[in-house]
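Trainee:
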């Protein structure tokens, strides 16, 4: 009686004859039809293992050689030290990048991070650092952005930091003029009235009048500070960042008066001089100021009139050293000596029509500029 082993061997023998007969048409072929395939697979595996082992040994003996990071713009990260470099491929130099946000701004949306070894970067020149100091390493998603208002504050007299009701910042003391950015936390503030202005001084000692969220430079040559009644006010020192948070406005200086000091027409029965100021009153109403120029009388706002009267050049040339003052004339002077409409209307809409009331920064307070996040200003 045959054992199971004999039966299995017999079955395998029969299947081999059937396979050989189907594949080679010779059931008694001395070699299996799949033998060559099996030997090829085994030989290929051995060759692959040998090549892999050789590459491993070569990599251990001479590490480095990764050149994939040179293709395109990449953020190259040294896996041993963690150092980050920006590779643009334009100058052949690796630039240390300060943060990921800066790398994205320089490299664009297609920037990819590539990990390489120290040996792969050994012979590559390193250039100067690139990026924005203090920028974040992680960028929030668009839905996580805070579209609310933020405040740029400078410490006022006494060095007080802005007082917040949130957890972003707390009250404290710092050097006067120190800048503090408050975002994501409501501030306990008191608005400056629309008819008031605050005198500030920039890093270059240029003085500005802060009015309705804008900065108006005060002209030194015409002594605009004293002309507007801010001579006794102490300017609050502010930083360039604080000034940048305010909308730029036109300079506070008197309008031009070409030919100032020259002889003018007879007004109100008296001689006049180019550059002098005149006042025309309306019965039961207010009064309007006019500047005499070569082309006639030009209407001024009360702010412009104050700037003209406070200009040392007006006193020297138009009033021959006398104290300048507006001379009252009748409405008849306008009929014959008023300038053309094209010459009038030089008043800038960004300027106040009347001199703002001086607003002093209380001791122990901070001066803040609010910037709306929705429209960026």
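Residue numbers (UniProt numbering): 1 to 377.
Idealized CB from N, CA, C, for every residue including glycine.
Model, not experiment: these values are computed from the prediction.
In three-state DSSP terms, what is residue 274?
Mentor: Residue 274: coil per DSSP, three-state reduction.
Trainee: From this set, 55, 241, 270, which residue's C-alpha is nearest residue 179's C-alpha?
Mentor: 241
Trainee: Measure the C-alpha to C-alpha separation of residue 96 and residue 152 and round it to an integer number of angstroms.
Mentor: Residue 152 has its alpha-carbon roughly 30 Å from the corresponding atom of residue 96.
Trainee: CB-CB under 7 Å to residue 261, same chain, minus the five flanking residues each way: which ones, in chain order?
Mentor: 273, 274, 275, 317, 318
Trainee: Might you give, ordered along the chain, the residues of its own chain that have their beta carbon closer than 8 Å to the beta carbon of residue 222, omitting 5 neighbours on each side?
Mentor: The residues are 253, 254, 307, 310, 311, 312, 313.
Trainee: At 4 residues or longer, what runs of the alpha helix (DSSP H) sit wholly inside the stretch 237-315?
Mentor: 240-244, 302-309
Trainee: Look at the alpha carbon of residue 337 and the alpha carbon of residue 196, and state the distance between them as a whole number of angstroms.
Mentor: 35 Å
Trainee: Can you give me the C-alpha to C-alpha distance between residue 292 and residue 324, rounded to a whole angstrom?
Mentor: Residue 292 and residue 324 have their alpha carbons spaced roughly 13 Å apart.
Trainee: What is the DSSP secondary structure of residue 359, reduced to helix, strand or coil?
Mentor: coil
Trainee: How long is the line joining the alpha carbons of residue 171 and residue 129, rounded to whole angstroms?
Mentor: Since pLDDT at residue 171 reaches only 37, below the 50 mark, its modelled position is unreliable, and the value read off the structure follows with that caveat. If you take the alpha carbons of residue 171 and residue 129, they lie about 36 Å apart.
Trainee: Based on DSSP bridge pairs, tell me the residues matched to residue 115.
Mentor: 77
Trainee: If I follow the unbroken alpha helix (DSSP H) through residue 336, where does it start and stop?
Mentor: 332-337 is the span of the alpha helix (DSSP H), which, as asked, contains residue 336.
Trainee: Determine the burial state of residue 285: buried for a count of at least 16 other Cβ atoms within 10 Å of its Cβ, exposed for fewer.
Mentor: exposed
Trainee: For residue 208, list the residues DSSP reports as bridge partners.
Mentor: 200, 217
Trainee: Residues in the same chain with beta-carbon distance under 7 Å from residue 352, minus the five sequence neighbours each way, listed in chain order, please.
Mentor: 211, 303
Trainee: Out of 191, 150, 10, which one is the CA nearest neighbour of residue 361?
Mentor: 191
Trainee: Whose C-beta lies closer than 7 Å to the C-beta of residue 133 among residues of the same chain, with five residues either side of it excluded?
Mentor: 98
Trainee: Could you check what DSSP says for residue 124 in three-state terms: helix, strand or coil?
Mentor: In this structure, DSSP gives residue 124 a state outside helix and strand, which the three-state scheme calls coil.
Trainee: Is residue 136 buried or exposed, if buried means 16 or more other CB atoms sit within 10 Å of its CB?
Mentor: By the neighbour-count rule (16 or more Cβ atoms within 10 Å), residue 136 is not buried but exposed.
Trainee: By DSSP, does residue 144 sit in helix, in strand, or in coil?
Mentor: helix
Trainee: For residue 101 versus residue 139, is the C-beta spacing smaller than 7 Å?
Mentor: It is a contact, given that the beta carbons lie within the stated cut-off.
Trainee: Closer than 7 Å, CB to CB, is residue 306 near chain C or not?
Mentor: Protein chain content of the structure displayed is limited to a single chain, and chain C is not contained in it.
Trainee: Smallest Cα separation from residue 333: which of 315, 266, 366, 215?
Mentor: 266
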